[in-house]
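Below, the structure written as C-alpha coordinates:
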(Lines of atoms letter the chains of each structure in order from A and count residues from 1; the text may use other names and numbers.)
(Lines give C-alpha, C1' and ligand atoms only; values in the text may rest on other atoms or scores of the structure.)
Protein backbone atom coordinates (compact mmCIF):
# COMPACT_ATOMS: atom_id res chain seq x y z
CA UNK A 1 0.00 0.00 0.00
CA UNK A 2 1.35 3.42 -0.83
CA UNK A 3 1.64 6.23 1.68
CA UNK A 4 -1.30 8.30 0.44
CA UNK A 5 -3.87 5.50 0.04
CA UNK A 6 -4.32 4.38 3.65
CA UNK A 7 -7.66 5.05 5.32
CA UNK A 8 -6.27 6.11 8.70
CA UNK A 9 -3.80 8.81 7.72
CA UNK A 10 -2.32 10.50 10.72
CA UNK A 11 -0.39 13.70 11.16
CA UNK A 12 2.87 12.22 9.93
CA UNK A 13 1.40 9.99 7.27
CA UNK A 14 0.27 12.68 4.83
CA UNK A 15 -3.08 13.40 6.46
CA UNK A 16 -2.32 16.94 7.57
CA UNK A 17 -3.31 18.46 10.86
CA UNK A 18 -6.72 19.02 12.42
CA UNK A 19 -9.37 20.99 10.59
CA UNK A 20 -9.17 24.77 11.01
CA UNK A 21 -11.26 26.12 13.87
CA UNK A 22 -11.12 22.93 15.92
CA UNK A 23 -8.21 23.77 18.20
CA UNK A 24 -8.79 24.57 21.87
CA UNK A 25 -7.67 28.19 21.57
CA UNK A 26 -9.82 28.87 18.51
CA UNK A 27 -12.87 27.39 20.25
CA UNK A 28 -12.15 29.45 23.37
CA UNK A 29 -11.89 32.67 21.36
CA UNK A 30 -15.14 31.88 19.56
CA UNK A 31 -17.05 31.23 22.80
CA UNK A 32 -15.68 34.39 24.43
CA UNK A 33 -16.73 36.47 21.43
CA UNK A 34 -20.23 34.97 21.58
CA UNK A 35 -20.52 35.88 25.26
CA UNK A 36 -19.35 39.42 24.54
CA UNK A 37 -16.16 39.17 26.57
CA UNK A 38 -12.93 40.65 25.31
CA UNK A 39 -10.17 38.33 24.19
CA UNK A 40 -6.75 38.91 25.72
CA UNK A 41 -4.09 39.33 23.06
CA UNK A 42 -0.64 38.30 24.24
CA UNK A 43 2.23 40.31 22.78
CA UNK A 44 4.90 37.74 21.90
CA UNK A 45 7.46 40.47 21.21
CA UNK A 46 7.61 41.15 24.95
CA UNK A 47 10.52 39.16 26.45
CA UNK A 48 8.38 38.19 29.45
CA UNK A 49 6.09 36.19 27.15
CA UNK A 50 8.91 34.45 25.30
CA UNK A 51 10.45 31.09 26.08
CA UNK A 52 14.10 30.93 25.12
CA UNK A 53 16.96 28.55 25.72
CA UNK A 54 18.96 29.21 28.86
CA UNK A 55 22.27 30.95 28.42
CA UNK A 56 24.75 28.41 29.75
CA UNK A 57 27.89 30.25 28.68
CA UNK A 58 28.52 31.61 32.16
CA UNK A 59 27.75 28.48 34.15
CA UNK A 60 30.29 27.24 36.66
CA UNK A 61 30.89 23.52 36.71
CA UNK A 62 31.36 21.78 40.01
CA UNK A 63 34.79 20.16 40.32
CA UNK A 64 34.88 16.39 40.44
CA UNK A 65 35.07 14.92 43.91
CA UNK A 66 38.39 13.21 44.47
CA UNK A 67 38.39 10.14 46.68
CA UNK A 68 41.36 9.72 48.96
CA UNK A 69 43.90 7.13 47.89
CA UNK A 70 45.30 4.69 50.40
CA UNK A 71 49.11 4.73 50.66
CA UNK A 72 50.93 1.64 49.45
CA UNK A 73 52.42 -0.53 52.18
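In UniProt numbering, the protein residues as written are 1 to 73.
The beta-carbon is built from N, C-alpha and C at its ideal position, and this holds for glycine as well.
### Message
Quick check on this structure: which residue in 37, 38, 52 has the alpha carbon closest to the alpha carbon of residue 44?
### Response
For the purposes of this step, residue 44 is taken as residue 44 along the chain shown, with counting starting at 1. Of the listed residues, the one whose Cα sits closest to residue 44 is 52.
### Query
If you follow the alpha helix (DSSP H) that residue 32 is part of, which residue opens it and which one closes it?
Within the chain shown, residue 32 is the residue found at index 32, counting from 1. Per DSSP, residue 32 is one residue of the alpha helix (DSSP H) stretching across 24-35.
### Message
If you reduce the DSSP assignment to three classes, tell me which class residue 49 lands in.
### Response
Counting from 1 along the chain shown, the entry for residue 49 is found at position 49. DSSP places residue 49 within a helical segment (H, G or I) once states are collapsed to three.
### Query
By DSSP, does residue 5 sit in helix, in strand, or in coil?
Residue mapping note: residue 5 aligns to position 5 of the chain shown, counting from 1. If DSSP states are grouped into helix, strand and coil, residue 5 belongs with the helices.
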